[in-house]
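In our numbering, the protein residues as written are 36 to 625.
Backbone N, C-alpha and C fix where the C-beta goes; we use that ideal spot for every residue, glycine too.
Please read the structure below before turning to the comments.
Here is the structure:
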């Protein structure tokens, strides 16, 4: 009677697919440097459109072009967009007027050499119109939106060099319909070519501000109303020249960690990773594989669909080498270089991720001054290569695999194709081991013996609801009363229960003749005494029921010599002259 069947191992021995990228040449973009790029759905058609701004080899030397996505990753320039070409710029999309479409802020130096900060409202179909504002015009800029005062609209932080050659860090409050007013008295300080970002560093669900520059880095904590105070005691390196920062939860502990790149006060190119303790205090992670860079860009994204954030770093090393490297995260913040990527190395670069072709993975755009000596804007599609994996399984009696087939014997040839989240197939070969338990029992009533050796046992009383019999965990069991008994046999992490076996002669044997054996255990010589005079025979069987000795008895006393038999368990049966079994005992030869 089978009662338990257990699968004990589930192991996929390799990743579901291998990660790689390939350059897409189906769309034509103007290359830029000292620029800014951003993906967003400008026309509400559920795909990611693109804006590219920066210095170029065009007639004006600078541009700001918007490209519409056809949904499959093919981009076409939107003709007649009202944007000014800019260099040393920053762009950002946000719904500034609460109408559920993406508006646009462009800052930088335009084709006339004038610094600008221009807002454009989106009509929901990707048509933009200039929206007058009182924002400070800046170049060498960084802009970022966030709801700083919890009123459900997007406020704005602008940093950069203004038309009076002053470095500014200015915070603007949104009235909900796109009108921004300057918040005075903010404590923010920094320097040109620094970097700025919003992030909730202390886990209170309000965006704080991080600024690097002037050979230092500073964190400003938001009190939930948009009032900021400096967090003292931080120990993050300052990067004073063309630094870049990026926040991400790299180790899945629900706080925002930090990557910072650039040139520090000592002139050293850095690329440093800091882990957050959850309260806004950061500690430097040592032993990372990153190379220090300057004039670069960084971005986090889950490129391999394993629910952690990987990292792309571009820029110039201290050896004046332009680089673009992808690092894969193991889920706890340890990064490994992804080899054989097709990315062109760049400096004065910008990077951004988006799923451009709706295949549920992150593609990437890289711009900058490339190793080819040209200004580039290259789009790389995230693809994957089918991999061959082995699915190792160990099961009891049978196993139904993911192909729907149930196997009852070992198998190492079955093959299946699995589709990953990212659309890649993985060829999987089954390596299956089927274990089973022999649940047969030999009934030498009142002694029962499990046939399966080298296992573990637990005897049960079937008449009492299969209750376990305390202490009866041997291969053999001798009943002390009539009834029905079974055994649970466990082997190779599989368990099975035998049929119930009947024991009917215990009361008869005990009531007719008592039998005593001593010494027990012994070296093979035993003295047998009975309570009554017996005319019959003594029969000795081994544990599988084979008769190994038989001696006639006429009286109530006899010496049994089993010295020539192997050590182990035996049974002494007392049989009368009519060949009736009248008693049985266990003996052990040591």
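Residues in its own chain within less than 7 angstroms of residue i by CB, not counting five upstream and five downstream?
i, result
"residue 382", "330, 331, 350, 351, 357, 403 and 404"
"residue 376", "56 and 361"
"residue 435", "441"
"residue 79", "136 and 159"
"residue 133", "188, 211 and 212"
"residue 545", "Low local confidence applies: a pLDDT of 47 at residue 545 is under 50, so the model's placement there is unreliable, with the coordinate-based value given in what follows. So the list is empty, once near-sequence residues are dropped."
"residue 541", "481, 514, 515, 516 and 517"
"residue 504", "494, 495 and 496"
"residue 144", "121, 122, 123, 150 and 174"
"residue 91", "65, 66, 67, 97, 98 and 410"
Whose C-beta lies closer than 6 angstroms to the C-beta of residue i among residues of the same chain, with five residues either side of it excluded?
i, result
"residue 527", "470"
"residue 537", "519"
"residue 635", "Because the chain is modelled from 36 through 625, residue 635 falls outside the range shown and cannot be assessed."
"residue 371", "363"
"residue 100", "87 and 112"
"residue 277", "228, 297, 329 and 330"
"residue 208", "190, 216 and 218"
"residue 308", "294, 320 and 323"
"residue 565", "548, 550 and 591"
"residue 128", "73, 75, 137 and 139"
"residue 347", "334, 361 and 386"
By Cβ distance, which residues of its chain are closer than 8 angstroms to residue i, with the 5 residues on each side in sequence left out?
i, result
"residue 204", "192, 193, 194, 221, 223, 224, 225, 231 and 246"
"residue 164", "117, 155, 156 and 158"
"residue 384", "68, 330, 331, 332, 349, 350, 359, 401, 402, 403 and 404"
"residue 290", "236, 238, 284, 311, 312 and 313"
"residue 457", "At residue 457 the pLDDT is 43, less than 50, meaning the model places this residue with poor confidence; the figure from the coordinates comes in the next sentence. Closer than 8 angstroms at the Cβ level, and outside the excluded window around residue 457, lie 52, 339, 340, 394, 395, 396, 417 and 419."
"residue 438", "449 and 451"
"residue 344", "283, 284, 285, 335, 336, 337 and 364"
"residue 258", "241 and 264"
"residue 612", "570 and 571"
"residue 261", "183, 184, 190, 206, 208 and 218"
"residue 45", "Its pLDDT being 40, under 50, residue 45 is placed unreliably in this model, and the value from its coordinates should be taken loosely. Excluding sequence neighbours, residue 45 sits near 428."
According to DSSP, which residues form a beta bridge with residue i?
i, result
"residue 494", "522"
"residue 405", "381"
"residue 534", "None, per the DSSP bridge assignment."
"residue 594", "562"
"residue 610", "572 and 616"
"residue 74", "85"
"residue 603", "624"
"residue 507", "In the DSSP output, where bridge partners are listed per residue, residue 507 has none listed."
"residue 64", "Partner(s): none; residue 64 has no beta bridge."
"residue 143", "151"
"residue 397", "Paired residues: none, contrary to the question."
"residue 29", "Residue coverage of the chain in this structure runs from 36 to 625, which leaves residue 29 outside it and unanswerable."
"residue 500", "DSSP output for residue 500 lists no bridge partner at all."
"residue 578", "Residue 578 pairs with nothing; no bridge assigned."
"residue 103", "111"
"residue 483", "478 and 512"
"residue 435", "441"
"residue 325", "According to DSSP, which records beta bridges pairwise, residue 325 is partnered with nothing at all."
"residue 126", "141"
"residue 90", "68 and 97"
Report the CB separation of residue i from residue j in whole angstroms; it is logged as a contact under 8 angstroms.
i, j, result
"residue 474", "residue 531", "4 angstroms"
"residue 229", "residue 131", "Going by Cβ atoms, the distance from residue 229 to residue 131 rounds to 25 angstroms, so no, they are not a contact pair."
"residue 311", "residue 337", "Contact flag wrong, Cβ pair sits at about 19 angstroms."
"residue 74", "residue 85", "6 angstroms"
"residue 476", "residue 533", "5 angstroms"
"residue 558", "residue 625", "6 angstroms"
"residue 427", "residue 395", "Not confirmed; about 28 angstroms, so no contact."
"residue 72", "residue 125", "Not confirmed; about 10 angstroms, so no contact."
"residue 412", "residue 110", "Not really, about 10 angstroms apart at Cβ, beyond 8 angstroms."
"residue 295", "residue 280", "5 angstroms"
"residue 623", "residue 555", "7 angstroms"
"residue 316", "residue 268", "7 angstroms"
"residue 571", "residue 595", "With 8 angstroms as the limit, residue 571 and residue 595 do not qualify as a contact, their Cβ atoms being about 14 angstroms apart."
"residue 621", "residue 560", "Not quite, the Cβ-Cβ distance comes to about 16 angstroms (not below 8 angstroms), so this is no contact."
Within the present structure, is the beta-carbon of residue i separated from the nearest heavy atom of the ligand HEM by less than 6 angstroms?
i, result
"residue 315", "This structure simply doesn't include the ligand HEM, nor any ligand for that matter."
What ranges does the alpha helix (DSSP H) occupy inside the segment 230–308, keeping only unbroken runs of at least 4 residues that lie completely in it?
none
Could you tell me whether the segment 437–453 touches the segment 483–495, using the rule of 3 or more Cβ pairs below 8 angstroms?
no
Return the chain-ordered ranges of every beta strand (DSSP E) run that is complete within the segment 152–230 and spans a minimum of 3 residues.
The qualifying runs are 163–166, 173–181, 190–197, 202–209 and 215–218.
Going residue by residue through the segment 344–373, where are the continuous alpha helix (DSSP H) segments of at least 4 residues, counting only ones entirely within it?
none
Would you say the segment 574–582 touches the segment 598–609, given that touching needs at least three Cβ pairs under 8 angstroms?
yes
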